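These notes concern the structure reproduced below.
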Amino acid sequence: MSRDLFFYDLRTSTIRSARQSYHRGIPYTIKETMTADFQEAAPPRRRQNPAHAPPNPEDNVYVLTLKTDAAHQQRMSELRRRYFPAHLLKVDAHITLFHALPHSSKSAVISDISSLCAATAPSSIRAAKPFRMGRGVGVHVTGLEPVGELCREMQTRWWEHLTQQDQRRFKGHYTLMNKVDDKETVEKCLEELESGFEGCEGRAIGLDLWRYDRGWWRHERDFEFKGTAR
């Protein structure tokens, strides 16, 4: 559907013609003649960050995180509750391996996780050095080499179904503060952790699968590491 529109240029006293088309029901103007005196642009569109959206967006996606011993989990979650903005806090402390596994691949994903975890041994980890991360503060975790190997194997199997974010190299860490615009608040958190946090030893004992639900995580199932140490 199209129709001719005419615009009167008061500065040059000439009539200019433009054709108006319709794109997805929203009219926008494609100019046949265009001067610096008169310009019309298409309405702006909000682009989705491809790194955080599945290649084929689905209603349900799943998050895969590292499961640790209860004492370590409790200590890191206490720190997250202390520093994370209370109105945004929906999940406890976690180390994420994958952020958006598609529901359409759930059966294959669960099968792969089960077999890989059966061959992976529990291992020691340590939440160590805090670091600044944009609008927040994170904590590096050492001892994650076996988990990194596990993650790379999963990436190989699931590559075509992964988001850009989940195709990146695994860098395990805890996020204790995020989405805070006040720089002084972020710096204070970092200073407190640098001076008062002496690290936290723990054990990597398996993986947890969660269903993402509008910001909340609903626990689906856990997988134990059952292998023997090399």
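Each residue of the sequence shown is one higher than the last, beginning at 800 in the numbering used here.
Beta carbons are placed, not taken as given, at the ideal position from N, Cα and C, and that holds for glycine.
If you're wondering where the values come from, they're calculated on a predicted model, not measured in any experiment.
Start and end residues, beta strand (DSSP E) containing LYS970: Here LYS970 belongs to no beta strand (DSSP E), and DSSP marks it neither H nor E.
Could you tell me the distance, in whole angstroms, from the CA atom of PHE883 to the CA atom of PHE996? 16 Å
Nearest residue (CA-CA) to THR962, options ALA892, PHE897 and LEU865: PHE897
Through-space distance from THR895 to TYR973, alpha-carbon basis: 9 Å
MET875 and CYS988 - do their beta-carbons sit closer together than 8 Å? no
Ranges of the beta strand (DSSP E) found wholly within the region 894-939, counting only runs of at least 3: 895-901 and 922-932
Identify the continuous beta strand (DSSP E) that holds LYS866 and give its terminal residues. 860-867
Cβ neighbours of GLY947 in the same chain (closer than 7 Å, five flanking residues each side left out): PHE969
Among the residues of its own chain, which have a CB less than 8 Å from the CB of ARG1029, if the five just before and after it don't count? ALA920
Between the C-alpha atoms of TRP1009 and GLY935, what's the straight-line distance to the nearest angstrom? 24 Å
Quick one: give me the first and last residue of the beta strand (DSSP E) that GLU1000 is part of. 999-1012
Spatial distance of HIS893 from ALA918 (CA atoms): 22 Å
Classify THR1027: buried if its beta carbon has 16 or more other beta carbons within 10 angstroms, exposed otherwise. exposed
Taking ALA1003 and LEU865 to be in contact with their CB atoms under 8 Å, please state how far apart those CB atoms are, rounded to whole angstroms. 6 Å
Going along the chain, which residues of its own chain have a beta-carbon closer than 6 Å to the beta-carbon of SER904, five neighbours each way excluded? HIS960
Let me make sure I understand the geometry here. Which of HIS939, SER906, GLY933 and TYR861 has the alpha-carbon closest to that of ASP981? GLY933
Specify the secondary structure class of ASP1021 as computed by DSSP and reduced to three states. strand
Would you tell me roughly how many angstroms separate the C-alpha atoms of GLY937 and ALA927, rounded to the nearest one? 10 Å
Have a look at VAL890 and THR955 and give me their C-alpha separation to the nearest angstrom. 28 Å
Could you give the DSSP three-state label for THR1030: helix, strand or coil? Outside the modelled stretch of the chain, which goes from 800 to 1029, sits residue 1030, for which no answer is possible.
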